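Encoded as structure tokens, the structure appears first; notes follow it.
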Amino acid sequence: MTLSRTEQRIIHSRAENREYRIFVARPDVEPPPSGYPVIYLLDANSVFGTMAEAIRLQSRRPEKTGVVPAVIVGIGYDTEGPFSNARYYDFTMPVPSAELPQSPRGTEWPELGGADAFLNFIEEDLKPEIEREFNIDRSRQTIFGHSLGGLFVLHALFTRPETFQTYVAGSPSIHWGKRILLEEERQFASRLEKEHCSVGVLLAVGESEKDHHSHMNDNAKELAERLSVLASLGVRVRFHEFEGEGHVSVLPVLISRALRFASEGSPQLEVRS
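Going by our numbering, the first residue of the sequence shown is number 2, and it counts up by one from there.
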């Protein structure tokens with residue numbers, strides 16, 4: 002089955018010549034005067050279909066659902082599996098080996114530490130291509146990542162908060178290089194004292210993840226509490242723990258919640274009928 006109004010293409014990063022399979026879902030309505038909102042979705046091989054169908058159904062009546070039409074841009078890899086080991090490089094910061102978690106299989110981790118290069122690819126290669134094809138509202142850009150993808154979302158928020166306006170970090174792997182991420186967070190907070198910023202941050206986990214040795218739920222909740230202190234500086238943060246859900250099963254309900262969070266405050270909710 003082919004999903005309605007979707008397509009795929011291969012794009013290479015100019016700086017490193019890394020290959021990505023890009024999935025795109027087109028709205029079935031004309032763009033508003035300001036352009037379409039856009040959601041950049043990591044690990045697209047595993048969740049693009051879920052998000053594309055969720056927004057196709059829910060954006061039909063935005064005044065009822067709280068979800069407006071948007072372009073979905075999924076960033077994946079040229080594989081038929083749900084994940085590729087290439088994500089370990091793209092989603093992680095350089096971390097000393099002594100600070101890395103132990104591999105569950107007892108083997109060495111794949112190549113790591115390419116988060117900044119990956120963010121450059123999104124900004125310098127992918128976004129311009131999407132914006133040549135669609136009328137995009139650059140003031141309504143969202144990035145969605147889960148697990149290591151959630152870690153990357155937080156890295157992007159803390160180091161280049163101007164790249165998106167909404168950041169969705171599901172079950173973020175904060176325990177990967179936690180010391181480095183905490184330092185990035187500290188510098189982000191200091192920057193807000195000097196520069197205006199207006200961002201929305203959704204942190205979410207599955208209830209069943211609370212027993213994981215990584216302390217994923219506690220790490221995410223504590224981060225949300227720290228970020229909530231920055232509300233007066235332009236940070237809108239929300240934390241949610243989904244009852245009865247685990248690390249993978251949380252994805253469909255998180256996607257639905259993320260679509261509403263990204264649509265909050267949209268003028269389209271007021272003019273559509």
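Don't be surprised by glycine CBs; every beta carbon is placed ideally from N, CA and C.
Just so it is clear, the structure is predicted and the values come from calculations on it, not from any experiment.
(request) Starting from ALA118, follow the alpha helix (DSSP H) in both directions and report where the run begins and ends. (result) Segment 116-122, the alpha helix (DSSP H) holding ALA118.
(message) To the nearest angstrom, how far is the alpha carbon of ARG57 from that of SER35?
(response) For ARG57 and SER35, the distance between alpha carbons rounds to 20 Å.
(request) With a 10 Å radius around its C-beta and 16 neighbouring C-beta atoms as the bar for buried, classify ILE123 as buried or exposed. (result) ILE123 should be labelled buried.
(request) Give a yes or no on whether the C-beta atoms belonging to SER1 and GLY151 are separated by under 9 Å. (result) With the chain represented from 2 up to 274, any question about residue 1 goes unanswered, as that position is not in the structure.
(request) Could I get the ranges of all uninterrupted alpha helix (DSSP H) runs contained in the segment 39-75, with 4 residues as the minimum, in chain order? (result) DSSP assignment within the segment 39-75 yields the following whole alpha helix (DSSP H) runs of 4 residues or more, N-terminal first: 45-59 and 63-66.
(message) If you reduce the DSSP assignment to three classes, tell me which class TYR78 lands in.
(response) Three-state result, TYR78: coil.
(message) Whether or not the segment 228-248 and the segment 191-207 are in contact is what I'm after, with contact meaning three or more pairs of Cβ atoms, one per stretch, closer than 8 Å; do they touch?
(response) Contact between the segment 191-207 and the segment 228-248 is present: 3 or more CB-CB pairs across the two stretches fall below 8 Å.
(request) Kindly indicate the opening and closing residues of the beta strand (DSSP E) around HIS13. (result) Annotation for HIS13: the continuous beta strand (DSSP E) segment containing it runs 7-13.
(request) Could you check which residue in PHE135, ARG62 and ILE73 has the C-alpha nearest to that of GLU31? (result) The shortest C-alpha separation from GLU31 is found at PHE135.
(message) Let me make sure I understand the geometry here. Which of ILE12, ASP138 and PHE49 has the alpha-carbon closest to that of SER5?
(response) Minimum Cα distance to SER5 is reached at PHE49.
(request) Would you kindly work out how many angstroms separate the C-alpha atoms of SER274 and GLU64, rounded to a whole number? (result) Confidence is the limiting factor: at SER274 the pLDDT is only 32, short of 50, which leaves the residue's position unreliable, though a coordinate-based value still follows. C-alpha of SER274 to C-alpha of GLU64: approximately 7 Å in a straight line.
(request) Output the distance between the C-alpha atoms of LEU119 and GLN188, rounded to the nearest integer angstrom. (result) The residue you asked about is not Leu; residue 119 is Phe in the sequence shown. The alpha-carbon separation between PHE119 and GLN188 amounts to approximately 21 Å.
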